[in-house]
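Visitor:
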Amino acid sequence: MTAPIISFKDFSFQYDSQTEPTLRHINLDIYPGEKVLIAGPSGSGKSTLGRCLNGLIPQSYPGKISGQVLINGQEIQTSSIFDLSMQVGTVLQDPDSQFVGLTVVEDMAFSLENDQQDQTTMRAATAKWAETLDLQNLLTHRPQELSGGQKQRVAMAGVLIDNSKILLFDEPLASLDPASGKASMALIDKLAHTEDLTVIIIEHRIEDVLQQPIDRLVVMQEGKIVANDHPEPILRQSLMAQLGLHEPLYLSALLHAGIDLEDCDHLDSLAELTVPNLAQRLQTWAAGVTLKAPVVHTEPLLTIDQLSFGYEPKRPIIDNLSLTLHRGEMISLVGQNGTGKSTLSNLMTGFLTPQAGKMTFDGQNLADLSVKERADHIGYILQDPNQMLSKTLIFDEVAAGLVLRGLDAKTIEQRVLATLKVCGLYEFRHWPISALSFGQKKRVTIAAILVLEPAMLILDEPTAGQDLQHYTEMMAFLTKINHEQGMTIMLITHDMHLMLEYTDRTIVLGNGHVLMDAAPADVLTNDAIIEEASLAKTSLYTLAEQNQLNPTAFVAKFVQAEREAR
Amino acid sequence: MQHQLLIGYADRQTFLNRLSGSTKLLCFVGLSVIGMMTYDTRYLIGIMLFSLVIFHFSKIKTREISFVVSVIIGFSVLNLVMVYVFAPHYGVSIYGTEHLLLGSNQHYFNLTTEQLFYEFNLLLKYTFAVPLALIFLMTTNPSEFAASLNKIGISYRVSYSVAIALRYIPDVQSDYRTISLAQQARGFEISKKAKFMTRVRGGIQILLPLIFSSLDRIEIISQAMELRRFGKGKHRSWYMAQKFKQNDYLALLVVAGLIILGIWLFQVNAGRFWNPFKS
Numbered sequence: 001m002t003a004p005i006i007s008f009k010d011f012s013f014q015y016d017s018q019t020e021p022t023l024r025h026i027n028l029d030i031y032p033g034e035k036v037l038i039a040g041p042s043g044s045g046k047s048t049l050g051r052c053l054n055g056l057i058p059q060s061y062p063g064k065i066s067g068q069v070l071i072n073g074q075e076i077q078t079s080s081i082f083d084l085s086m087q088v089g090t091v092l093q094d095p096d097s098q099f100v101g102l103t104v105v106e107d108m109a110f111s112l113e114n115d116q117q118d119q120t121t122m123r124a125a126t127a128k129w130a131e132t133l134d135l136q137n138l139l140t141h142r143p144q145e146l147s148g149g150q151k152q153r154v155a156m157a158g159v160l161i162d163n164s165k166i167l168l169f170d171e172p173l174a175s176l177d178p179a180s181g182k183a184s185m186a187l188i189d190k191l192a193h194t195e196d197l198t199v200i201i202i203e204h205r206i207e208d209v210l211q212q213p214i215d216r217l218v219v220m221q222e223g224k225i226v227a228n229d230h231p232e233p234i235l236r237q238s239l240m241a242q243l244g245l246h247e248p249l250y251l252s253a254l255l256h257a258g259i260d261l262e263d264c265d266h267l268d269s270l271a272e273l274t275v276p277n278l279a280q281r282l283q284t285w286a287a288g289v290t291l292k293a294p295v296v297h298t299e300p301l302l303t304i305d306q307l308s309f310g311y312e313p314k315r316p317i318i319d320n321l322s323l324t325l326h327r328g329e330m331i332s333l334v335g336q337n338g339t340g341k342s343t344l345s346n347l348m349t350g351f352l353t354p355q356a357g358k359m360t361f362d363g364q365n366l367a368d369l370s371v372k373e374r375a376d377h378i379g380y381i382l383q384d385p386n387q388m389l390s391k392t393l394i395f396d397e398v399a400a401g402l403v404l405r406g407l408d409a410k411t412i413e414q415r416v417l418a419t420l421k422v423c424g425l426y427e428f429r430h431w432p433i434s435a436l437s438f439g440q441k442k443r444v445t446i447a448a449i450l451v452l453e454p455a456m457l458i459l460d461e462p463t464a465g466q467d468l469q470h471y472t473e474m475m476a477f478l479t480k481i482n483h484e485q486g487m488t489i490m491l492i493t494h495d496m497h498l499m500l501e502y503t504d505r506t507i508v509l510g511n512g513h514v515l516m517d518a519a520p521a522d523v524l525t526n527d528a529i530i531e532e533a534s535l536a537k538t539s540l541y542t543l544a545e546q547n548q549l550n551p552t553a554f555v556a557k558f559v560q561a562e563r564e565a566r
Numbered sequence: 001m002q003h004q005l006l007i008g009y010a011d012r013q014t015f016l017n018r019l020s021g022s023t024k025l026l027c028f029v030g031l032s033v034i035g036m037m038t039y040d041t042r043y044l045i046g047i048m049l050f051s052l053v054i055f056h057f058s059k060i061k062t063r064e065i066s067f068v069v070s071v072i073i074g075f076s077v078l079n080l081v082m083v084y085v086f087a088p089h090y091g092v093s094i095y096g097t098e099h100l101l102l103g104s105n106q107h108y109f110n111l112t113t114e115q116l117f118y119e120f121n122l123l124l125k126y127t128f129a130v131p132l133a134l135i136f137l138m139t140t141n142p143s144e145f146a147a148s149l150n151k152i153g154i155s156y157r158v159s160y161s162v163a164i165a166l167r168y169i170p171d172v173q174s175d176y177r178t179i180s181l182a183q184q185a186r187g188f189e190i191s192k193k194a195k196f197m198t199r200v201r202g203g204i205q206i207l208l209p210l211i212f213s214s215l216d217r218i219e220i221i222s223q224a225m226e227l228r229r230f231g232k233g234k235h236r237s238w239y240m241a242q243k244f245k246q247n248d249y250l251a252l253l254v255v256a257g258l259i260i261l262g263i264w265l266f267q268v269n270a271g272r273f274w275n276p277f278k279s
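Just so you know, the sequences run in chain order G and F. Under full-length UniProt numbering, the first residue of the first sequence carries the number 1, and numbering increases by one thereafter. Under full-length UniProt numbering, the first residue of the second sequence carries the number 1, and numbering increases by one thereafter.
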């Protein structure tokens with residue numbers, strides 16, 4: 001057997017800034033040519049493990065180390081980041097923040113420039129990788145202008161150009177729409193074979209990574225490795241759900257249908273999955289579930305009539321769009337990156353002014369209201385809570401909007417405390433905001449908006465970057481205010497699972513129009529729309545199709561069963 | 001809307017675009033220094049005509065620069081007025097003679113030919129430097145900018161930080177916009193409707209998140225750069241660097257000639273000023 005290319009031996013690490021070790025007694029061998037997925041909830045230490053591979057630990061993040069990590073025979077403590085970068089190429093989570101070059105070709109050549117290569121060598125190398133990654137026509141563009149998938153290919157080119165044999169991806173799917181994510185996984189798989197790479201993917205969206213074969217799944221929890229095996233045995237034991245990770249949807253469907261996972265073969269690959277009498281058992285299950293009539297909301301809240309907007313009049317982003325949102329609805333707004341999902345919500349909140357069209361909110365013409373006045377009706381929560389928080393204490397942050405509206409101190413206190421209770425932040429009311437986790441910060445921003453008592457909330461990617469536990473908490477909270485307060489909620493998202501499980505209505509945006517406006521299950525079973533809006537079929541759809549079931553009904557029944565189980 | 005406010009590089013297919021960035025930077029710096037030092041009106045008129053002719057060849061359209069130029073003109077006029085207000089006799093003290101045009105020599109504010117002539121020289125300086133600066137900025141590819149700074153001897157780390165800062169301006173602008181609107185929605189009034197102090201306080205509310213998000217950006221980008229070996233060696237090569245061609249040497253030669261002429265004039269005039277009042 002060949003020697004491992006990466007080897008952790010009883011390795012522990014504690015950041016200087018923390019009181020507890022983040023990694024505890026890690027033993028892990030990765031062999032050349034393997035494709036390894038490292039998964040785990042937030043704070044499980046998976047990103048820290050990645051930092052050990054590329055040398056950011058201990059060089060940029062000092063801390064206490066015991067044990068050993070060898071990368072291709074080099075010990076990380078004695079090698080510089082520069083040495084290790086020849087072995088391990090790292091693609092960071094958000095390619096946007098990692099681009100250094102002003103054009104694609106310069107960004108690709110960046111590491112060669114630092115190696116003082118001459119221009120002829122650089123031209124040859126960039127030409128080669130541009131061809132491999134299909135970037136030839138983009139070389140002179142600014143990386144920021146590209147689509148999500150293209151950006152990731154540029155980031156990959158920038159590290160592959162070193163000919164390093166280990167490629168490390170930190171949450172490669174986080175900033176991609178579903179279709180690009182799928183394409184990206186396929187590309188990584190292809191490169192791993194053609195270039196003989198060892199690939200390590202840190203990601204918690206397991207279903208999406210498993211679209212391509214994985215040799216090994218490493219699951220981390222609280223700084224330890226709790227599972228390290230082929231994906232199949234891990235999936236069979238249903239370890240994922242126990243550890244607070246999303247298991248693939250088709251697995252949940254099998255479980256709903258009462259199928260014992262022990263009977264299944266090829267659990268890690270839906271295409272090859274074999275279960276005795278699968279079709280029959282699924283059909284029996286589906287026949288036994290009666291779909292409840294969906295709750296219909298009919299009272300119009302926001303009516304959009306022939307709205308148009310574009311930064312350049314010739315290229316409208318929103319083009320003659322008409323839409324009615326009803327009071328009490330839970331809506332998902334989906335579509336490709338850059339189709340104007342954020343633009344549309346910015347038009348609603350008054351951050352942007354439309355060139356044509358009319359919006360009526362609860363009978364009131366929105367054009368007559370200022371940004372501040374609209375905020376009393378429509379609350380908008382940005383994806384990054386750090387862009388919204390401006391006070392040091394939670395109470396002050398939530399109270400800020402009311403203070404500025406000139407309310408008296410007593411009313412403010414009452415309303416703030418009531419809101420904090422609804423948001424589950426009451427115990428933290430005297431805490432500094434800096435002590436909160438990302439998810440809690442997000443909840444503070446929601447509280448700061450809710451306190452203004454709007455009739456509608458718009459949330460941009462409410463669950464991005466959160467593990468299953470925080471994700472479920474956040475969504476349970478939003479569902480609660482939707483049900484109890486009749487709050488109309490619109491979620492902007494790329495997460496097909498979120499859209500399917502938590503919303504009643506999906507609006508698909510594309511080319512400035514509404515491409516489709518229907519129940520989530522109908523959207524995700526419509527091939528033409530999936531293609532046009534860069535969405536992705538979920539594994540449920542494929543499972544239904546493979547087993548001669550009506551996909552739309554099957555998906556709807558699955559969602560109902562999941563909601564009842566919650 | 002916002003795009004027209006900023007001046008920017010475009011490939012305008014002229015010989016100026018094809019000159020290497022370092023050549024343009026050296027020429028710009030050289031001419032500016034000599035132009036700022038000398039008060040020889042004949043020389044200033046000469047290089048002003050020179051820079052206007054070059055500007056004509058650069059094919060930069062008036063539309064692209066109208067905003068910037070009007071701002072510069074505004075400031076120059078203000079500057080000339082202020083020079084007069086604070087030192088109305090400066091021309092007299094330089095040239096040593098006094099030819100009164102208006103007022104009496106007992107008063108603080110009077111107008112002399114010497115003062116007018118001195119301020120005319122200042123005006124010439126602005127007029128020659130502005131087109132040169134615009135040419136340099138608008139015909140030099142930003143990518144080449146860092147390379148050219150490095151080539152004239154500035155360390156590549158500093159050169160690159162300048163380039164990175166330029167590259168992040170649009171990102172920070174859009175962050176600012178997002179944060180500002182989100183805060184306005186909460187009720188922070190920062191428009192002209194509000195009182196000055198309220199606006200200042202509102203501004204701070206935006207600044208705080210902006211600084212934190214910018215610091216995050218800096219941390220990530222510096223890690224990304226380290227992971228690709230930025231800072232490993234004493235030197236680095238540049239993908240976009242251009243080798244000096246015949247035209248570059250020619251341009252440098254012309255500019256060197258102009259500078260030598262300027263220095264020679266210092267000798268002829270026995271100082272920086274050319275004095276037409278002494279006969």
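A virtual CB, placed ideally from N, CA and C, is assigned to each residue, including glycine.
(1) Name, going along the chain, the residues of the segment 220-248 of chain F whose beta-carbon falls closer than 8 Å to a beta-carbon of chain G.
(2) Candidates G/S390, G/A179, G/A157: which alpha carbon is nearest G/F169's?
(3) Between which two residues does the beta strand (DSSP E) containing G/P231 stretch?
(4) Please state whether the Cβ-Cβ distance between F/P131 and F/I54 is less than 9 Å.
(5) Give me the chain G residues within the contact set of F/T178, using Cβ-Cβ distance strictly less than 8 Å, ordered along the chain.
(6) Taking the alpha carbon of G/D107 as the reference point, which residue from F/H99, F/V268, F/M240, F/L261 has its own alpha carbon closest?
(7) Using three-state DSSP, classify G/T552 as helix, strand or coil.
(8) For G/F11, is the classification buried or exposed, using 16 other Cβ atoms within 10 angstroms of its Cβ as the cut-off for buried?
(9) Taking 9 Å as the threshold (beta carbon to beta carbon), is F/S213 in contact with chain G?
(10) State buried or exposed for G/T385, treating a residue as buried only when at least 16 other CB atoms are found within 10 Å of its CB.
(11) Please tell me whether G/S390 has its Cβ less than 9 Å away from any Cβ of chain F.
(12) With a 10 Å radius around its C-beta and 16 neighbouring C-beta atoms as the bar for buried, classify F/K278 as buried or exposed.
(13) With a threshold of 9 Å between beta carbons, is F/R12 in contact with chain G?
(14) Suppose you measure from the CA of G/I214 to the CA of G/G401; what does that come to, to the nearest Å?
(15) What is the rounded straight-line gap between the Cα of G/I30 and the Cα of G/R51?
(16) Could you check if G/E247 is buried or exposed, using at least 16 other CB atoms within 10 Å of its CB as the buried criterion?
(17) Do you know offhand how far G/G486's Cα is from G/T503's?
(18) So, is G/S110 buried or exposed, given that buried needs 16 or more other C-beta atoms within 10 angstroms?
(19) Hey, which unbroken runs of the alpha helix (DSSP H) at 4 residues or more fall wholly within the segment 355-385 of chain G?
(20) With a threshold of 16 other CB atoms inside 10 Å of the CB of F/R18, please say whether the residue is buried or exposed.
(21) First and last residue of the alpha helix (DSSP H) that includes G/M86?
(22) Give the DSSP-derived three-state secondary structure of G/P62 in the structure shown.
(23) Is F/A165 close to chain G? Criterion is C-beta to C-beta, closer than 9 Å.
(24) Quick one: which chain G residues come within Cβ less than 7 Å of F/P131?
(25) Taking buried to mean at least 16 other C-beta atoms within 10 Å of its own C-beta, is G/L113 buried or exposed?
(26) Using C-beta distances below 8 Å, list every residue in its chain close to residue 588 of chain G, excluding the 5 sequence neighbours before and after it, in chain order.
(27) With a Cβ-Cβ cutoff of 9 Å, do G/I200 and G/V36 count as a contact?
(28) Mind listing the chain F neighbours of G/A109? Cutoff is C-beta to C-beta under 7 Å, in chain order.
(29) Does the distance from the CB of G/S7 to the CB of G/Q68 come in under 9 Å?
(30) In chain order, what residues of the segment 397-411 of chain G put their CB closer than 7 Å to some CB of chain F?
(31) Contact between the segment 274-286 of chain G and the segment 309-326 of chain G is defined here as three or more beta-carbon pairs at a separation below 8 Å; is this criterion met?
(32) Given 8 Å as the limit, is there contact between the segment 346-353 of chain G and the segment 369-384 of chain G, that is, 3 or more CB pairs closer than that?
(33) Is any beta-carbon of chain G found at less than 9 Å from that of F/Q173?
(34) Contact criterion: CB-CB distance below 9 Å. Does F/I206 meet it with respect to chain G?
(35) With H, G and I counted as helix, E and B as strand and the rest as coil, what does DSSP make of G/H326?
(36) Does the separation of the CB atoms of G/L249 and G/V219 fall below 9 Å?
Guide: Based on what the coordinates show:
(1) For the segment 220-248 of chain F, the residues whose beta carbon sits under 8 Å from a beta carbon of chain G are, in order, I220, I221, Q223, A224, M225, E226, L227, R228, R229, F230, G231, K232, G233, H235, R236, S237, W238, Y239, M240, A241.
(2) Among G/S390, G/A179, G/A157, the Cα nearest to that of G/F169 is on G/A157.
(3) Counting along the chain, no beta strand (DSSP E) covers G/P231; the unbroken alpha helix (DSSP H) around it starts and ends at 231-236.
(4) Contact: yes.
(5) Correct list: L382, Q387.
(6) For G/D107, the nearest C-alpha among the options comes from F/M240.
(7) It is helical.
(8) Counting of Cβ neighbours within 10 angstroms places G/F11 among the buried residues, the total reaching 16 or more.
(9) Among the residues facing chain G, F/S213 is included, as its CB has a counterpart in that chain under 9 Å away.
(10) A small correction: the amino acid at residue 385 of chain G is Pro; Thr does not occupy that position in the sequence shown. That one is buried.
(11) It does: the Cβ of G/S390 has a partner Cβ on chain F nearer than 9 Å.
(12) Flag for F/K278 reads exposed.
(13) For F/R12, no Cβ of chain G is located within less than 9 Å of the residue's own Cβ.
(14) Rounded to whole angstroms, the separation of the alpha carbons of G/G401 and G/I214 is 49 Å.
(15) Going by the C-alpha atoms only, they are around 16 Å apart.
(16) By the Cβ neighbour-count rule, G/E247 is buried, with 16 or more other Cβ atoms within 10 Å of its own.
(17) Distance between the alpha carbons of G/G486 and G/T503: 14 Å.
(18) Going by the sequence as given, residue 110 of chain G is Phe instead of Ser. The C-beta of G/F110 has 16 or more other C-beta atoms within 10 Å across all chains shown, which makes the residue buried.
(19) The alpha helix (DSSP H) runs of length 4 or more contained entirely in the segment 355-385 of chain G are, from start to end of the chain, 371-375.
(20) Counting of Cβ neighbours within 10 angstroms places F/R18 among the exposed residues, the total staying below 16.
(21) The continuous alpha helix (DSSP H) containing G/M86 extends over residues 81-87.
(22) The answer is coil: DSSP assigns G/P62 none of H, G, I, E or B.
(23) It does not; no Cβ of chain G falls within 9 Å.
(24) Close to F/P131, with beta-carbon spacing below 7 Å, lies no residue of chain G; the smallest spacing is near 25 Å.
(25) Checking the sequence, you will find Glu at residue 113 of chain G rather than Leu. Residue environment analysis places G/E113 among the buried positions, since at least 16 neighbouring C-beta atoms fall within 10 angstroms of its C-beta.
(26) No statement about residue 588 of chain G is possible, as the shown extent of chain G runs from 1 to 566 and does not include it.
(27) Contact check for G/I200 against G/V36 passes: the beta carbons are separated by less than 9 Å.
(28) Chain-ordered, the chain F residues with CB closer than 7 Å to the CB of G/A109 read Y239.
(29) A contact, by the Cβ cut-off of 9 Å.
(30) For the segment 397-411 of chain G, the residues whose beta carbon sits under 7 Å from a beta carbon of chain F are, in order, A400, G401, L404, R405.
(31) The answer is no - the segment 309-326 of chain G does not touch the segment 274-286 of chain G, with fewer than three Cβ pairs under 8 Å.
(32) In short, these stretches touch, since the Cβ pair count reaches three.
(33) Judged by the 9 Å Cβ criterion, F/Q173 is not in contact with chain G.
(34) Yes, its Cβ sits closer than 9 Å to a Cβ of chain G.
(35) If DSSP states are grouped into helix, strand and coil, G/H326 belongs with the strands.
(36) Cβ distance not < 9 Å, so G/L249 and G/V219 don't count as in contact.
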